[in-house]
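Visitor: Before I ask anything, here is the structure I am working with.
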Amino acid sequence: MVLELHIWGPAFSLPSIDAQCLAAITYLSLTVPKDAWVLVASSDPSVSPTCELPALRNGSTWVSRFRNIVDYLRQYSNGDWDLDQGLSGIEKADNTAFSAFLESRAQSLLDLSLYVTSQNYYNCTSPSYGAILQWPNQWILPPKLHSAAKTRTEHLGLSSLDIQAIEDQRKRDHSAAVAAGQIPKNLIPQPRDTVSSLLGKTAQQ
59 MVLELHIWGP AFSLPSIDAQ CLAAITYLSL TVPKDAWVLV ASSDPSVSPT CELPALRNGS
119 TWVSRFRNIV DYLRQYSNGD WDLDQGLSGI EKADNTAFSA FLESRAQSLL DLSLYVTSQN
179 YYNCTSPSYG AILQWPNQWI LPPKLHSAAK TRTEHLGLSS LDIQAIEDQR KRDHSAAVAA
239 GQIPKNLIPQ PRDTVSSLLG KTAQQ
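Mapping the sequence shown onto our numbering, position 202 (from 1) lands on 260, and the numbers just tick up by one.
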C-alpha cells in the first residue's frame, strides 16, 4: 500500500508553509522509495484523527508530527527507512540531543517571525494561508494559528512585536475612557502640524 503524507500547502517558494511538513517531506524523500509514497497537500488538519499536520497515512493508520512519523517509518520498514542506521551510539545520542534542542527552540523563532510580528503575519503569513485554504477555513484557521503562536511565546515577553494588538488595546482603553467621561492625557489625540500652523510658528519667531 502506498503511504500518503498529508501536509500544509506551499508558500514562500517552498513545498509547504509549515516547518514540520518541510522536514517530513525531506525525510521521506531521502529514505522512502519514490513509488512507495505520495505527497498530498490537503492543508486540512481535520483529515487526521489528531487534527495535526504533517500526517502520514498507511491504510487505516495515521501518524502525526515529524518525530512520530520518523519513528513509525523506522519500525514499519524494520530499520530500512532510517537515516540514523549508519550512526554509532554516540552519534545517535548527539543527533537526538541536537534534534530536541532544535525542535524546542526553532518553534518559538518561527512563531515570532510568522505570527507574532504583526507586519509579517498580516502581510505575508495570513495571505499565504488564504491562498492554500478553502472557504471557510481560510477565515477560521489563520486566526487560530495566530492565537496559538501568541500563547506559545507569551513567556518570552516579546508581545511588543504584535503592534496590531497594542493598537487594538489602545483603542479599547480610549473607548473605555470616553465612556467613563475621563480621557487620560496620553490618550488624547494631539493636533497635527499643518502648513499654515508651521508658517505661523515661523512668523512668531
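Glycine included, every Cβ here is placed at the ideal spot set by N, Cα and C.
All figures in this text were calculated on a predicted structure; none of them were measured in a lab.
Quick check on DSSP: helix, strand or coil for alanine 77?
Guide: Translated into positions along the sequence shown, residue 77 becomes position 19. In this structure, alanine 77 counts as helix in the three-state DSSP scheme.
Visitor: In three-state terms, what does DSSP make of phenylalanine 70?
Guide: Working through the sequence shown from its first residue, we reach residue 70 at position 12. Coil, per DSSP.
Visitor: How is the alpha helix (DSSP H) around arginine 125 delimited, first residue to last?
Guide: Start at 1 with the first residue of the sequence shown, and residue 125 comes out as number 67. Unbroken alpha helix (DSSP H) run through arginine 125: 124-134.
Visitor: Taking only three categories from DSSP, how would you classify tryptophan 139?
Guide: As a working note, residue 139 is residue 81 in the sequence shown. Coil.
Visitor: In chain order, what residues of the same chain have a beta carbon less than 8 Å from the beta carbon of glycine 117, not counting five sequence neighbours either side?
Guide: The sequence position of residue 117 within the sequence shown is 59, counting from 1. So the list reads Met59, once near-sequence residues are dropped.
Visitor: Taking three-plus beta-carbon pairs below 8 Å as touching, is the region 120-134 in contact with the region 79-96?
Guide: Judged by Cβ distances under 8 Å, the region 120-134 makes contact with the region 79-96, as three or more pairs qualify.
Visitor: With respect to the alpha helix (DSSP H) encompassing histidine 204, which residues constitute its N-terminal and C-terminal limits?
Guide: Along the sequence shown, read from residue 1 onward, the residue named residue 204 stands at position 146. From DSSP, the alpha helix (DSSP H) with histidine 204 extends over 195-210.
Visitor: Determine the DSSP secondary structure at leucine 191, reduced to helix, strand or coil.
Guide: Position 133 of the sequence shown holds residue 191. Leucine 191 falls in the coil class under three-state DSSP.
Visitor: So tryptophan 139 and threonine 89 are supposed to be a Cβ contact under 8 Å. How far apart are they, rounded?
Guide: The count along the sequence shown starts at 1 and reaches residue 139 at position 81. The count along the sequence shown starts at 1 and reaches residue 89 at position 31. With a Cβ gap of about 4 Å, tryptophan 139 and threonine 89 count as contacting.
Visitor: Within a Cβ cutoff of 6 Å, which residues of the same chain sit near valine 121, ignoring the five residues on either side of it in sequence?
Guide: Position 63 of the sequence shown, counted from the first residue, corresponds to residue 121. Excluding positions up to five away in sequence, the list reads Leu114, Ile127 and Tyr130.
Visitor: Helix, strand or coil for threonine 175, going by three-state DSSP, please let me know.
Guide: Counting from one through the sequence shown, the residue named residue 175 turns up at place 117. Three-state result, threonine 175: coil.
Visitor: Thinking C-beta only, is leucine 63 closer than 8 Å to tryptophan 95?
Guide: Within the sequence shown, numbered from 1, the residue matching residue 95 stands at position 37. Within the sequence shown, numbered from 1, the residue matching residue 63 stands at position 5. It is a contact, given that the beta carbons lie within the stated cut-off.
Visitor: Terminal residues of the continuous alpha helix (DSSP H) containing glutamate 62?
Guide: Here residue 62 is taken as the residue at index 4 of the sequence shown, counted from 1. Segment 61-64 is the beta strand (DSSP E) holding glutamate 62; no alpha helix (DSSP H) there.
Visitor: Contact defined as beta carbons within less than 8 Å: I believe threonine 211 pairs with aspartate 169. What is the distance between those atoms, to the nearest angstrom?
Guide: Taking the sequence shown and counting its residues from 1, one reaches residue 211 at position 153. Taking the sequence shown and counting its residues from 1, one reaches residue 169 at position 111. Threonine 211 to aspartate 169, Cβ: 5 Å. Contact.
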